[in-house]
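Residue numbers in the sequence shown follow our numbering, run continuously in steps of one, and reach 639 at the last position.
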Amino acid sequence: MPEAGRVPVGVDPSKPNAARVFNYLLGGKDNYEVDQMVAHRMLAVDPATRTLAWFSRQFLLHGVRMAAEQGIRQFIDIGAGIPITPDVHEVAREIEPAARVVSIDYDPVVHAHANALLAGTPGVTSMLADVRAPVEMIVRLRSDHAIDFSQPVAVLIVGVLHFVMDDEDPYGIIARFRDVMAPGSLLVYTQAGSTTAPEFMARTGMDTDNSPAQVAYRTQEQAARFLDGFEVVGPGVTPIQQWLGDDLPETKLVLFGGIGRKPEDP
Numbered sequence: 374m375p376e377a378g379r380v381p382v383g384v385d386p387s388k389p390n391a392a393r394v395f396n397y398l399l400g401g402k403d404n405y406e407v408d409q410m411v412a413h414r415m416l417a418v419d420p421a422t423r424t425l426a427w428f429s430r431q432f433l434l435h436g437v438r439m440a441a442e443q444g445i446r447q448f449i450d451i452g453a454g455i456p457i458t459p460d461v462h463e464v465a466r467e468i469e470p471a472a473r474v475v476s477i478d479y480d481p482v483v484h485a486h487a488n489a490l491l492a493g494t495p496g497v498t499s500m501l502a503d504v505r506a507p508v509e510m511i512v513r514l515r516s517d518h519a520i521d522f523s524q525p526v527a528v529l530i531v532g533v534l535h536f537v538m539d540d541e542d543p544y545g546i547i548a549r550f551r552d553v554m555a556p557g558s559l560l561v562y563t564q565a566g567s568t569t570a571p572e573f574m575a576r577t578g579m580d581t582d583n584s585p586a587q588v589a590y591r592t593q594e595q596a597a598r599f600l601d602g603f604e605v606v607g608p609g610v611t612p613i614q615q616w617l618g619d620d621l622p623e624t625k626l627v628l629f630g631g632i633g634r635k636p637e638d639p
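Below, the structure written as structure tokens:
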């Protein structure tokens, strides 16, 4: 579908929104009936989808802790969604009290919630921007939000890349950020996997086709391509359960998680 048709230009309560569906799955209240309906149809196919949403959140916060423990003090949370406690800035500041966080989303409703919930927190700002315009985003991060790309930064892009269609150049987006990130920076991301159960893909496809919540499922090899130019950290690009512990249940929706470190210049 052409990009313009998938970019939200205002509030449309008749179409599902990925951030609001995720908010509902995590027990939040900032969602519409259409988001709840989509979530319940996902849960009807696999009740463990709610558990997977929690796994995804824990993977994000695991990446935040890893970055902060390595001394990173700048965090760019792309597709941040509606703030949920514990949030990125809360976890980062347990380790690095001076951490700066920019919370980014392209949905105006999500942005409004973030503005209201994060207002008055020094060093934490929200930004309305579309990941599919990475050059503009990087310019604004430098000029409006005081991100210093000459110093290490953690780029968090969890629950986002599978909403970027192939013709919207997801690999180019990551490459743009990689090229400006300082050595020692971290990339933390997830990608919906093509090994997801066919019935789950069919159900979500019917619910989200031609909406901003439409999903592009990718193979494990395709998901690993996002780490081109990075040093692979941890277990590599694997289902996120493998990042979090032993014997966690499998889910019909497969989310691959990966973390990469920008290497020192040769």
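Cβ atoms here follow ideal geometry from the backbone N, Cα and C, with glycine treated the same way. Predicted model only: the values in this text are computed from it and were never measured.
A distance below 6 Å between beta-carbons, with the five flanking residues on each side excluded, links Pro-543 to the following residues of its chain, in chain order: Leu-534, Val-537.
In this structure, Ala-441 lies away from Leu-399, with their beta-carbon atoms at least 7 Å apart.
Runs of the alpha helix (DSSP H) spanning 4 or more residues and lying entirely within the region 523–572 occur at 543–553, in chain order.
Comparing alpha-carbon positions, the option among Val-482, Ala-472, Val-512 lying closest to Pro-495 turns out to be Ala-472. Membership of Leu-425 in any beta strand (DSSP E) is not indicated; the residue belongs instead to the alpha helix (DSSP H) covering 422–442. With contacts defined by Cβ atoms closer than 7 Å, Phe-395 and Gly-454 form a contacting pair. For the options Glu-469, Glu-467, Gln-447, the alpha carbon positioned closest to that of Ser-476 is the one of Gln-447. The continuous alpha helix (DSSP H) containing Gln-615 extends over residues 614–617.
For Asp-517, the enclosing alpha helix (DSSP H) begins and ends at 507–518.
Residue environment for Lys-402: exposed (fewer than 16 other C-beta atoms within 10 angstroms of its C-beta).
Under DSSP, the beta-bridge partners assigned to Leu-628 are Ala-565. Annotated three-state conformation of Gly-578 is helix, per DSSP.
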